[in-house]
């Protein structure tokens, strides 16, 4: 059985969003999402866990430069100091923490080397963390 090492990188971004389901009226969105139906912002943390077998020459399981560049270009450039509903990776996504974790997974799963992505977590507040591990 090959050895596998998991590595988690943590990234930070600040963004605004407004929770709203386009299928609902503004009044229904206000009831459903409360204060979060108004434009507001968070300082988010994004955790990306990748895995691989250690290279016999370098000892590294994953090239951190590749992961960092991929996350920056695929996600952070589009969301940091932006309104999340306007970010291309989040087109059509209700920007709940759950929605962000799934959308970020879908973006990174095709941008990182195949089979490396293990987990995406979005920390929205000190009390709210959302994790997604792909479909079983």
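Numbering (our numbering), first residue to last: 6 to 141.
We treat Cβ as the ideally placed atom computed from N, Cα and C, and that holds for glycine.
C-beta atoms of residue i and residue j nearer than 9 Å
i           : j           : result
residue 102 : residue 129 : yes
residue 85  : residue 135 : no
residue 76  : residue 13  : no
residue 123 : residue 138 : yes
residue 21  : residue 44  : yes
residue 99  : residue 25  : yes
Which of helix, strand or coil DSSP assigns to residue i
i           : result
residue 119 : coil
residue 34  : helix
residue 139 : coil
residue 51  : strand
residue 95  : helix
residue 107 : helix
residue 113 : helix
residue 131 : coil
Same chain, Cβ closer than 6 Å to residue i, neighbours up to 5 away in sequence not counted
i           : result
residue 6   : Residue confidence for residue 6 is low, a pLDDT of 44 falling below 50, so the modelled location carries little weight; the figure read from the coordinates is stated next. No residues qualify anywhere along the chain.
residue 105 : 127
residue 133 : 102
residue 95  : 89, 108
residue 67  : 12, 55, 57
Same chain, Cβ closer than 7 Å to residue i, neighbours up to 5 away in sequence not counted
i         : result
residue 8 : 58, 59
Of the listed residues the options, nearest to residue i (C-alpha basis)
i           : options          : result
residue 91  : 11, 15, 10, 23   : 23
residue 125 : 93, 88, 49       : 49
residue 55  : 133, 63, 73      : 73
residue 131 : 51, 111, 82, 115 : 51
Beta-carbon contacts of residue i that lie in its chain and below 8 Å, excluding the five residues immediately before and after
i           : result
residue 71  : 117, 118
residue 113 : 53, 75, 76, 79, 80, 122, 125
Margin query: Suppose only complete runs of 4+ residues qualify. What are the alpha helix (DSSP H) ranges in the stretch 59-92, listed by chain order?
Written below: 69-76
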